[in-house]
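Undergrad: Okay, here's the structure, questions in a sec.
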Amino acid sequence: MKNFVQRGEIITLAAPYDVAAGAGLLVGAIFGVATSPALSGATVEAAACGVFELAKTSAQAWTVGAKVYWDDAAKVCTTVNTSNTLIGVAVAAAANPSATGLVRLNGSF
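Position one of the sequence shown corresponds to residue 1 (the working numbering), numbered consecutively onward.
Right under this line is the structure:
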C-alpha cells in the first residue's frame with residue numbers, strides 16, 4: 001500500500017513539558033509514554049500502544065477494566081474523567097494507596 005507511513009506504536013512528538021523516560025505525556029489528544037527523557041519542546045519518541053506501569057493518583061483503588069484517564073495538571077493517571085483525557089483501561093487491580101497502576105493504552109484518539 002503506497003500511502004502507508006508507519007505502524008504507529010511509537011510516534012515522534014514535541015515534548016509539551018519536561019518528561020522522564022517511562023512517564024506519560026499529552027500532546028493535544030495524543031497520549032504516549034516517553035521512551036527517553038526529553039526537555040520541553042524537544043523531540044521525543046512516545047509509545048502509543050501497549051501495557052505500561054504508570055504513576056496514578058495514590059488515593060484511588062482500581063479494578064480490572066476500569067477506564068483510566070490522564071490528569072495532565074498532576075501528570076498522573078486517574079479514574080476521574082472530569083477534565084481529563086481517556087487513555088486506556090486498568091489491566092490489574094491497584095490498591096488505595098498505591099503509586100502506580102497497569103494501564104493498557106487505547107492507542108486511538
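Here a beta-carbon is modelled for each residue, glycine too, at the ideal position from N, C-alpha and C.
Remember, predicted model here, so these are calculated numbers, not experimental data.
Shortest alpha-carbon distance to residue 19 belongs to which of 29, 92, 42?
TA: Minimum Cα distance to residue 19 is reached at 42.
Undergrad: Who are the Cβ neighbours of residue 100 in its own chain at under 8 Å, not counting the five residues just before and after it?
TA: Closer than 8 Å at Cβ, skipping near neighbours: 53, 54, 55, 56, 94.
Undergrad: For the putative contact between residue 65 and residue 89, defined by C-beta atoms under 8 Å, what is the C-beta separation to the nearest angstrom?
TA: So it is a contact: roughly 6 Å between Cβ atoms.
Undergrad: Restricting to runs no shorter than 3 residues, where is the beta strand (DSSP E) found entirely within the region 22-96?
TA: Here the runs fully enclosed are 24-27, 30-34, 43-47, 50-55, 67-71, 76-78, 85-90.
Undergrad: Taking DSSP as the reference, what is the three-state secondary structure of residue 104?
TA: Residue state, collapsed to three classes: strand.
Undergrad: State yes or no: is the C-beta of residue 26 within less than 9 Å of the C-beta of residue 44?
TA: In this structure, residue 44 does not lie closer than 9 Å to residue 26 by Cβ.
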